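Visitor:
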Amino acid sequence: MEEQSLLVAALLGILEGLTEFIPVSSTGHLLLAGHFLGFESTGRSFEVLIQLGAIMAILTVYSARLWHLAVTLPKHRETQRFVGGILLAFLPAAVIGALAHDFIKTVLFETPMVICVMLILGGFVLLWIDRRHVEPEYTHVAEFPLSVCLKIGFIQCLAMIPGTSRSGATIVGALLMGADKRSAAEFSFFLAMPTMVGAFAYDLYKNRDILTVDDFWLIGAGFVTAFIAGVFVVRYLLDFVAKRGYTPFAIWRILVGTIGLAALLAFG
240 MEEQSLLVAA
250 LLGILEGLTE
260 FIPVSSTGHL
270 LLAGHFLGFE
280 STGRSFEVLI
290 QLGAIMAILT
300 VYSARLWHLA
310 VTLPKHRETQ
320 RFVGGILLAF
330 LPAAVIGALA
340 HDFIKTVLFE
350 TPMVICVMLI
360 LGGFVLLWID
370 RRHVEPEYTH
380 VAEFPLSVCL
390 KIGFIQCLAM
400 IPGTSRSGAT
410 IVGALLMGAD
420 KRSAAEFSFF
430 LAMPTMVGAF
440 AYDLYKNRDI
450 LTVDDFWLIG
460 AGFVTAFIAG
470 VFVVRYLLDF
480 VAKRGYTPFA
490 IWRILVGTIG
500 LAALLAFG
């Protein structure tokens with residue numbers, strides 16, 4: 240295994256950590272960057288498995304709150320409803336993701352043009368949603384009704400098209416359901432935990448026979464840098480969103496998608 244490959248894997252890990260929790264599509268960024276850098280992972284597992292590093296970032300930053308949820312779960316109805324809502328929101332992605340796994344990995348992951356188009360379209364959706372002036376019904380994630388959680392879970396499934404963004408889909412879904420910007424982003428954090436752990440476990444199971452020792456070195460490098468970058472984003476994203484909204488991310492999506500399209504048309 241070349242040192243250059245490890246360096247690319249580490250850089251892609253940083254990209255994953257920086258983009259996983261903001262509505263710009265981390266998978267879309269990874270696939271486009273890998274395409275232009277000539278980086279191809281075995282079974283496209285690298286792009287999925289390093290997401291666990293970003294999940295570890297949430298577990299680290301939210302450790303006290305997660306511990307509180309674990310302690311109060313057996314006896315507090317509010318905690319039970321919140322955890323139940325997260326699991327209910329995860330259910331659609333678990334079912335549809337398992338059924339569509341092969342199509343996603345062999346077709347959608349291999350179509351950079353689709354990624355660029357979805358980045359641009361998603362950018363305009365974010366611009367629209369950020370300019371809506373609607374009084375929010377929910378200002379805390381614990382307030383979300385179970386029906387709202389399930390609807391957000393179905394909307395999250397749109398992110399199976401790379402370039403859409405898992406966090407972007409869940410945030411837009413939550414905003415459309417009446418959440419404010421901060422609680423929408425926080426719900427996306429919590430929903431990421433079962434969703435990404437499930438994706439990690441299922442993809443590792445599906446590709447267990449084709450991954451090599453070199454693949455695990457690359458995944459390890461990406462995992463570590465994704466964790467470090469993810470900690471930074473999780474610590475500061477909620478305050479940034481509360482102050483600035485989602486327009487900066489929308490503009491970024493449109494720019495990256497447009498540049499990606501131009502590069503694909505010019506160089507393939």
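Quick note on our numbering: the sequence shown kicks off at 240 and runs consecutively.
Note that CB positions come from ideal geometry on N, CA and C, so glycine has one too.
Every value quoted in this text rests on a predicted model; they were computed, and no experiment measured them.
(1) Just tell me which of 503, 394, 421 and 399 has its CA closest to the CA of residue 381.
(2) In whole angstroms, what separates the C-alpha of residue 347 from that of residue 353?
(3) Suppose you measure from the CA of residue 349 to the CA of residue 417; what does that come to, to the nearest Å?
(4) CB residue 412 to CB residue 358, shorter than 8 Å?
(5) Roughly how many whole angstroms lie between the Cα atoms of residue 504 and residue 274?
(6) May I ask you to report which of helix, strand or coil DSSP gives residue 444?
(7) Quick one: measure Cβ to Cβ for residue 335 and residue 399, integer angstroms, because I've assumed they're closer than 8 Å.
(8) Please report the distance separating the alpha-carbon of residue 282 from that of residue 269.
(9) Quick check on DSSP: helix, strand or coil for residue 377?
(10) Would you kindly work out how many angstroms separate the C-alpha atoms of residue 386 and residue 331, rounded to a whole number?
(11) Tell me which residue opens and which closes the alpha helix (DSSP H) that residue 281 is part of.
(12) Of the choices 390, 249 and 362, whose alpha-carbon is the least far from that of residue 407?
(13) Going by the beta-carbon positions, is the gap between residue 255 and residue 289 smaller than 8 Å?
(14) Taking its Cβ as the centre, do 16 or more other Cβ atoms sit within 10 Å of residue 323, making it buried, or is it exposed?
(15) If you follow the alpha helix (DSSP H) that residue 357 is in, where does it begin and where does it stop?
Guide: Concretely, from the data shown:
(1) Selected option, being the one with the closest Cα: 421.
(2) Taking the CA atoms as reference points, residue 347 sits about 7 Å from residue 353.
(3) Separation of residue 349 and residue 417 (C-alpha to C-alpha, rounded to the nearest whole angstrom) is 35 Å.
(4) Not a contact, by the Cβ cut-off of 8 Å.
(5) Looking at the backbone, the Cα of residue 504 and that of residue 274 are separated by about 13 Å.
(6) If DSSP states are grouped into helix, strand and coil, residue 444 belongs with the helices.
(7) Indeed they touch by this definition, with Cβ atoms about 7 Å apart.
(8) Rounded to whole angstroms, the gap between the alpha carbons of residue 282 and residue 269 is 14 Å.
(9) Residue state, collapsed to three classes: strand.
(10) Approximately 13 Å between the Cα atoms of the pair.
(11) Taken as a continuous stretch (DSSP letters only), residue 281 belongs to no alpha helix (DSSP H), as it is neither H nor E.
(12) Minimum Cα distance to residue 407 is reached at 362.
(13) A Cβ-Cβ contact shorter than 8 Å links residue 255 with residue 289.
(14) Residue burial annotation: residue 323 is exposed, with fewer than 16 other C-beta atoms found within 10 angstroms of its C-beta.
(15) Under the DSSP assignment, residue 357 falls in the alpha helix (DSSP H) whose first and last residues are 351 to 369.
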